[in-house]
Amino acid sequence: MDLSLLHDKWKQVLSEHNWQWKVLATVGCVLVATIYGPKWNKKRRFLKKVKQERERRAKSVRLMEGKVTKFKKQGSGADCRRILNMSLPELVKELQDGSVPVESVLYSYVNKALELDKDLNCVTVFLTDCEAQIEELKKIKTKGPLYGVPISIKEHIGYKGHPSTCGLAQYIDELENEDSVIVKVLKKQGAIVFAKTNVPQTLISYESSNPIYGFTCNPHNQSKGSSGSTGGEGALIGGGGSILGFGTDIGGSIRLPSSFCGITGFKPTPNRLSTLGIRPCIDGLQSVLVCVGPMARDVDSLVLCMKAVLCDEMFKLDPTVPPLPFNDKVYTESKPLRVGYYETDGFTLPNPGMRRAVLEIKTLLEAAGHTLVPFTPPRLDYVKYELFLKAILGDGGKTLKEKLDKNICDPHLKDLNIIVSTPGFLKKLMSFVLWPLYPRISKFINATRGASSVKDHWHHQTALQEYQTEFIAEWRKLDLDVILCPMLGPAFNIGYAKGLLVAISSTMLYNVLQFPAGVVTVTSVTEEDEAELKNYKGHYNDPFDRLFKEAVSGGVGLPLSVQCASLPYQDELCLRFMKEVETLNRAHKNIK
Numbered sequence: 001m002d003l004s005l006l007h008d009k010w011k012q013v014l015s016e017h018n019w020q021w022k023v024l025a026t027v028g029c030v031l032v033a034t035i036y037g038p039k040w041n042k043k044r045r046f047l048k049k050v051k052q053e054r055e056r057r058a059k060s061v062r063l064m065e066g067k068v069t070k071f072k073k074q075g076s077g078a079d080c081r082r083i084l085n086m087s088l089p090e091l092v093k094e095l096q097d098g099s100v101p102v103e104s105v106l107y108s109y110v111n112k113a114l115e116l117d118k119d120l121n122c123v124t125v126f127l128t129d130c131e132a133q134i135e136e137l138k139k140i141k142t143k144g145p146l147y148g149v150p151i152s153i154k155e156h157i158g159y160k161g162h163p164s165t166c167g168l169a170q171y172i173d174e175l176e177n178e179d180s181v182i183v184k185v186l187k188k189q190g191a192i193v194f195a196k197t198n199v200p201q202t203l204i205s206y207e208s209s210n211p212i213y214g215f216t217c218n219p220h221n222q223s224k225g226s227s228g229s230t231g232g233e234g235a236l237i238g239g240g241g242s243i244l245g246f247g248t249d250i251g252g253s254i255r256l257p258s259s260f261c262g263i264t265g266f267k268p269t270p271n272r273l274s275t276l277g278i279r280p281c282i283d284g285l286q287s288v289l290v291c292v293g294p295m296a297r298d299v300d301s302l303v304l305c306m307k308a309v310l311c312d313e314m315f316k317l318d319p320t321v322p323p324l325p326f327n328d329k330v331y332t333e334s335k336p337l338r339v340g341y342y343e344t345d346g347f348t349l350p351n352p353g354m355r356r357a358v359l360e361i362k363t364l365l366e367a368a369g370h371t372l373v374p375f376t377p378p379r380l381d382y383v384k385y386e387l388f389l390k391a392i393l394g395d396g397g398k399t400l401k402e403k404l405d406k407n408i409c410d411p412h413l414k415d416l417n418i419i420v421s422t423p424g425f426l427k428k429l430m431s432f433v434l435w436p437l438y439p440r441i442s443k444f445i446n447a448t449r450g451a452s453s454v455k456d457h458w459h460h461q462t463a464l465q466e467y468q469t470e471f472i473a474e475w476r477k478l479d480l481d482v483i484l485c486p487m488l489g490p491a492f493n494i495g496y497a498k499g500l501l502v503a504i505s506s507t508m509l510y511n512v513l514q515f516p517a518g519v520v521t522v523t524s525v526t527e528e529d530e531a532e533l534k535n536y537k538g539h540y541n542d543p544f545d546r547l548f549k550e551a552v553s554g555g556v557g558l559p560l561s562v563q564c565a566s567l568p569y570q571d572e573l574c575l576r577f578m579k580e581v582e583t584l585n586r587a588h589k590n591i592k
């Protein structure tokens with residue numbers, strides 16, 4: 001409601017009624033304006049900003065549509081279908097030798113992205129300076145390793161002249177003064193950045209929806225979500241509208257959408273790639289670090305990308321990044337691996353299809369000569385509650401609450417908004433009352449209180465280090481090289497992710513540990529998996545388990561992935577293992 005309407009109504013009452021009614025109407029209007037005025041004004045300001053941003057987005061779409069139409073009229077003779085079907089290494093080769101023009105590649109992908117965006121709502125803005133990027137490329141004599149490759153980036157990765165909103169209205173007017181380091185490096189290596197992709201509001205969700213840009217659907221089934229927080233990127237690549245993209249990961253935000261959308265994704269060791277110029281979801285969070293990493297259709301694309309960006313340009317632009325180029329010797333090593341594996345972490349029991357996926361890959365690895373060793377992650381419930389949640393909500397959610405208070409909260413963030421808005425003493429009481437019936441829910445609520453003091457915060461930091469030492473000791477005792485484990489999947493039915501933050505135990509573990517980890521799509525949900533799901537009770541048979549069962553139901557045909565992990569700074573070994581999984585799985589499917 002506009003306050004001007006109240007003012008007009010008040011004037012009407014003054015002119016038509018006696019003095020008692022006039023006094024009563026005046027007092028009523030003052031009370032209503034005092035109570036609801038700030039809220040209405042906030043909503044009006046919010047909607048005005050959102051309208052401006054949506055107009056900017058629509059303008060970028062119109063401009064790109066015009067460029068694509070103009071390109072088609074020029075009759076370049078480009079085989080768009082062939083370009084879209086090429087692998088990244090194949091495309092790079094043809095771009096390097098001039099077999100395919102840069103413009104043909106760019107507009108083939110822009111055209112596909114425009115089509116996908118109409119159905120999935122995955123792009124937040126098209127970067128219309130891409131032609132200028134091409135002109136800059138033509139001035140350089142030496143072609144970089146990503147010469148002419150069109151790349152998309154997650155919305156909060158800084159790009160000059162555009163906001164990095166994290167789905168929050170207060171950042172709409174804050175245009176970036178320069179590109180983030182990762183964008184500078186990509187451009188230096190010849191890439192053409194052409195789009196930014198959708199995210200959840202605040203980024204602390206794995207359902208990509210916000211009041212500015214809307215909800216992003218899954219490319220394989222539009223009644224499902226694309227996950228998050230790099231959900232727009234996952235949907236765009238999974239639907240074929242981008243060949244390579246960059247996202248960020250603090251609890252699974254690269255790996256989850258990669259799993260849901262049927263692509264590959266890689267979370268490097270923290271700070272292996274620069275995060276300068278990327279807006280953080282929670283300012284000042286240092287105990288669990290955000291990572292930036294690539295997403296693509298296959299592991300070869302991830303490797304090509306990592307080789308390109310681990311370069312002198314990045315080490316120069318961000319001296320805090322260790323100057324470690326890609327170690328090709330480790331990646332190309334062929335000796336058999338000792339692989340730790342588990343089909344459940346003891347906290348979230350994977351659904352039948354996911355357990356089947358892990359065990360099928362285990363069998364293939366054993367047949368190929370690798371040694372598979374059972375492994376149990378120690379104290380997963382402790383990691384989930386005391387180490388991960390207490391880090392993300394270390395201040396009890398005050399930072400997130402301050403950000404949400406300046407916005408209209410997205411419906412898919414309703415549960416998180418309740419959590420960060422509930423006082424600590426009330427959380428403690430709720431945790432105590434729920435403990436006898438639902439211990440997992442009790443622990444979850446208690447963990448969202450965050451640190452109670454500076455001393456408690458320091459203790460938390462120490463506990464993180466001690467757990468990492470404990471985990472590595474178990475790893476060393478079994479003499480492991482890598483780990484194979486489940487991912488979360490298949491894609492959730494829309495609306496369920498907001499109540500299942502606990503379900504990301506499979507991914508957040510490797511954020512807490514600061515290990516590199518990636519996902520490879522290996523199979524899809526079968527009718528038999530769906531039938532077996534009817535008997536699913538989880539480890540606890542509590543409301544979380546029952547909600548998870550509903551979330552993954554109706555998933556026949558949707559992709560399923562497995563997760564691969566290695567020790568810190570063994571990124572190349574993790575990628576080698578991912579490639580081994582992908583190669584063995586493809587060979588097995590071809591035989592069948």
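Position 36, counted from 1, in the sequence shown is what UniProt numbering calls 36; the numbers after and before it change by one each time, with no gaps. The C-beta atom is built at its ideal place from N, Cα and C for all residues, glycine as well. Everything numeric in this text was worked out from a predicted model, so none of it was measured.
- Spanning the alpha carbons of SER505 and VAL562 requires a straight line of approximately 14 Å.
- For LEU175, the secondary structure class from DSSP, reduced to helix, strand or coil, is strand.
- In the three-state DSSP reduction, PHE492 falls in the coil class, being neither helix nor strand.
- Comparing alpha-carbon positions, the option among LYS428, LEU364, MET314 and VAL290 lying closest to LYS589 turns out to be LEU364.
- Runs of beta strand (DSSP E) with 3 or more residues, each lying fully within the segment 122–180, are found at 123–126 and 150–154, listed in chain order.
- The beta carbon of ILE83 lies closer than 6 Å to those of VAL105 and SER108 in the same chain, with the five residues before and after it left out.
- TYR510 places its beta carbon 8 Å or farther from that of LEU387.
- Under the rule that a run must span 3 or more residues, the beta strand (DSSP E) segments found entirely inside the segment 451–513 read 482–486.
- Excluding five sequence positions before and after GLU532, the CB atoms of its chain that fall closer than 7 Å to its own CB belong to PRO352, given in chain order.
- At the C-beta level, VAL199 and GLY234 stay beyond 8 Å of one another.
- Contact between LEU146 and ALA308 holds: CB atoms are separated by about 5 Å, below the 8 Å threshold.
- Within the segment 501–584, the complete beta strand (DSSP E) segments at least 3 residues long are 517–524 and 559–565, listed from N- to C-terminus.
- Excluding five sequence positions before and after ASP545, the CB atoms of its chain that fall closer than 6 Å to its own CB belong to GLY538, given in chain order.
- The C-beta of SER452 has fewer than 16 other C-beta atoms within 10 Å across all chains shown, which makes the residue exposed.
- Taking a contact as a CB-CB distance under 8 Å, the pair LEU389 and ALA447 counts as one, their CB atoms being some 4 Å apart.
- Exclusion of the five residues before and after THR230 leaves LYS154, GLY247, SER253, ILE254 and PRO257 as the residues of its chain whose Cβ lies within less than 6 Å of its Cβ.
- The alpha-carbon separation between GLU207 and HIS412 amounts to approximately 7 Å.
- Taking 8 Å as the cut-off, the beta carbon of PRO490 is found no closer than this to the beta carbon of LEU547.
- Per the C-alpha coordinates, the member of ALA132, VAL502, GLN170 and SER164 positioned closest to GLU402 is GLN170.
- In the structure shown, ARG338 falls within a strand segment according to DSSP collapsed to helix, strand and coil.
- With distances taken between CA atoms, ILE151 lies nearest to SER301 out of LEU175, LEU426 and SER301.
- Taken through DSSP and simplified to helix, strand or coil, PHE246 comes out as strand.
- Scanning ILE392, ARG476 and GLU131 for the CA closest to the CA of LYS67 turns up GLU131.
- Collapsing the DSSP output to three states places SER208 in coil.
- Annotation: LEU372 to TYR569 spans about 22 Å, alpha carbon to alpha carbon.
- Contact annotation: TYR331 and LEU575 have beta-carbon atoms nearer than 8 Å.
- Membership of LYS414 in any beta strand (DSSP E) is not indicated; the residue belongs instead to the alpha helix (DSSP H) covering 414–421.
- Under DSSP, LYS224 takes part in a beta bridge, and its partners are ASN493.
- The Cβ neighbour count for ARG279, taken over all protein chains shown within 10 Å, is at least 16; the residue is labelled buried.
- Here DSSP, grouped into helix, strand and coil, assigns PRO323 to coil.
- GLU527 and ARG586 have their C-alpha atoms roughly 21 Å apart.
- Taking C-beta atoms under 8 Å as the contact rule, VAL185 and MET314 qualify, at a distance of about 5 Å.
- With fewer than 16 other Cβ atoms inside 10 Å of its own Cβ, VAL454 counts as exposed.
- Of all alpha-carbon atoms in VAL183, VAL181, LYS160 and LYS188, the one lying nearest the alpha-carbon of LEU175 is that of LYS160.
- In this structure ASP298 is not in contact with THR269, their Cβ atoms being roughly 21 Å apart against a cut-off of 8 Å.
- In this structure VAL420 touches LEU404 by the C-beta definition: roughly 7 Å separates them, less than 8 Å.
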